[in-house]
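Peer 1: Just passing along the structure, written as structure tokens.
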Amino acid sequence: MILSSLTLNATKKVSTYSITKKSINTNIKNTVNSSNINETHNQNSKENNEIIIPKGLKPGDTIGLIAPANYANENSAAEVEYLKSRGFNVVYGQSYYSKWYGFGGTDSVRAKDINDMFENPNINAIFAVRGGYGGIRLVDKLNYDIIKKNPKIISGFSDNTTLLLAINEKTGLVTFHGPMADNLKNIPPITENSFNKTFMSNQPYNLLEFENTYSIMKNGRGNGKITGGNLSLIVATLGTDHEINTDGKILFIEEVNEPSYRVDRMLQQLKLAGKFDKLQGIIIGNFRNPKQSDPTDMTIDEVFYDVFGKLNIPIIKDFKSGHVRPFIAVPIGANATMDTYKKQIIIEKSTK
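In terms of UniProt numbering, the sequence shown opens at residue 1 and continues consecutively.
Following this line, the structure appears as structure tokens:
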């Protein structure tokens with residue numbers, strides 16, 4: 001089933017009175033404009049602090065599949081079979097069948113898929129089928145008003161980080177750094193357990209309840225909204241209208257196939273941008289295949305301790321989310337309380 005396209009040059013001397021009157025009018029106008037700007041800024045700040053919880057899934061609901069980055073491949077069918085086995089209906093966006101260079105169709109096709117699926121009342125959730133590259137080409141083409149008025153689950157990771165962050169930052173909707181098509185074949189019980197707690201429950205849950213899915217780097221306590229995703233894509237938002245906001249939040253980062261010196265460079269860039277100054281905690285994901293380009297380079301753990309070692313906040317590392325099994329889902333924008341002494345990151349609510 002293919003989802004349908006929803007688609008002033010005065011040279012004469014003026015009197016002192018006129019100048020005074022003009023100055024007064026200008027001052028009044030400037031004051032009004034300044035007031036409007038401040039009011040708009042305050043409204044935007046308030047909106048950015050808003051939390052919109054999407055409805056949870058239940059058997060019989062419909063999930064829309066999209067390819068917002070690279071085009072779908074034969075592995076994408078695995079997601080369909082798993083989702084159908086859980087009692088969900090599945091529909092496909094045009095991007096699922098499209099191909100333009102390495103993308104799942106043109107930018108307009110992929111962006112329209114997202115906008116249309118949010119607007120379609122018959123679709124309850126949206127899952128990306130793949131990562132790769134392409135999400136950053138879409139963030140200025142999304143209709144954030146439509147998304148905010150029609151909140152629903154949207155899940156993906158890797159390149160999809162830019163979309164998840166942009167949607168959360170612009171609307172307040174909780175998005176999900178969660179599994180994609182390539183991850184739902186022969187999944188372990190932890191993946192299904194995480195799926196159930198994240199997408200199908202309205203109860204608080206512990207992100208750290210699964211054994212051997214993390215290690216503690218630094219003990220502490222903190223609370224705030226979770227933000228983050230793939231490190232390269234987080235850094236790509238800097239200096240744009242979609243720049244990540246980390247103030248008062250718990251930062252989650254993960255990466256794959258990046259040399260340790262590159263990871264260090266990206267973390268240093270975030271540090272220089274002030275993104276670590278007001279953090280409440282850090283969740284370091286599993287940095288898979290962190291090569292050392294030179295024997296004199298720091299190891300990946302040495303990079304983490306060098307960059308984060310002096311921060312007085314709770315930090316865990318090796319958290320199994322993103323490019324590593326069991327693909328534990330992380331709700332971006334959800335409130336969380338982090339207490340490593342109790343081995344807990346309690347998610348207040350990810351769906352309702």
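Backbone N, C-alpha and C fix where the C-beta goes; we use that ideal spot for every residue, glycine too.
A334 to G281, Cα distance in whole Å?
Peer 2: Taking the first residue of the sequence shown as 1, we reach residue 334 at position 334. Taking the first residue of the sequence shown as 1, we reach residue 281 at position 281. Rounded to whole angstroms, A334 to G281 spans 14 Å at the Cα level.
Peer 1: So what does DSSP say about Y214, is it helix, strand or coil?
Peer 2: Here residue 214 refers to the residue found at position 214 of the sequence shown. In this structure, Y214 counts as coil in the three-state DSSP scheme.
Peer 1: Tell me whether the region 172-185 and the region 49-64 touch, counting them as touching only if at least three CB pairs, one residue from each stretch, are closer than 8 Å.
Peer 2: Because the criterion of three Cβ pairs below 8 Å is met, the region 172-185 and the region 49-64 touch.
Peer 1: From the DSSP output, which residues share a beta bridge with F287?
Peer 2: The residue labelled residue 287 in the question sits at position 287 within the sequence shown. Its beta-bridge partners are E255.
Peer 1: Which runs of the alpha helix (DSSP H), 4 residues or longer, sit entirely within the region 143-215?
Peer 2: Entirely contained in the region 143-215, the alpha helix (DSSP H) runs reaching 4 residues are, in chain order, 144-149, 161-171, 189-199.
Peer 1: Once you ignore the five residues that flank residue 358 on each side, which residues in its own chain have a CB closer than 8 Å to its CB?
Peer 2: Summary: the structure shown does not reach residue 358, with the chain confined to residues 1 through 352, and so no result is reported for it.
Peer 1: Buried or exposed for Y341, please, with buried defined as at least 16 other CB atoms from any protein chain shown within 10 angstroms of its CB.
Peer 2: The residue given as residue 341 occupies position 341 in the sequence shown. Burial call: exposed.
Peer 1: Please report the distance separating the alpha-carbon of M298 from that of I63.
Peer 2: Reading the sequence shown from its first residue, position 298 is the one you call residue 298. Reading the sequence shown from its first residue, position 63 is the one you call residue 63. Cα to Cα, M298 sits roughly 43 Å from I63.
Peer 1: How long is the line joining the alpha carbons of P259 and Q268, rounded to whole angstroms?
Peer 2: Against the sequence shown, residue 259 aligns to sequence position 259. Against the sequence shown, residue 268 aligns to sequence position 268. Rounded to whole angstroms, P259 to Q268 spans 14 Å at the Cα level.
Peer 1: If you drop the 5 nearest sequence neighbours on each side, which residues of the same chain put their C-beta closer than 7 Å to that of G285?
Peer 2: Counting from one through the sequence shown, the residue named residue 285 turns up at place 285. Counting only Cβ-Cβ distances below 7 Å, and skipping sequence neighbours, we find F252, I253, E254, F319, S321, G322.
Peer 1: Using only CA atoms, which one of S98, N70, A72, L57 lies nearest to residue 376?
Peer 2: With the chain covering 1 to 352 only, the question about residue 376 has no answer from this structure.
Peer 1: So within the UniProt domain "LD-carboxypeptidase C-terminal" (223-338), which uninterrupted alpha helix (DSSP H) runs reach at least 4 residues, ignoring any that extend past its ends?
Peer 2: Complete alpha helix (DSSP H) runs here, min 4: 231-236, 260-272, 300-308.
Peer 1: Which one or two residues does DSSP pair with A128 in a beta bridge?
Peer 2: To locate residue 128, count along the sequence shown from 1; it is residue 128. I66.
Peer 1: Alpha carbon to alpha carbon, what distance is there between I332 and L233?
Peer 2: The residue given as residue 233 occupies position 233 in the sequence shown. The residue given as residue 332 occupies position 332 in the sequence shown. L233 and I332: Cα-Cα distance of roughly 14 Å.
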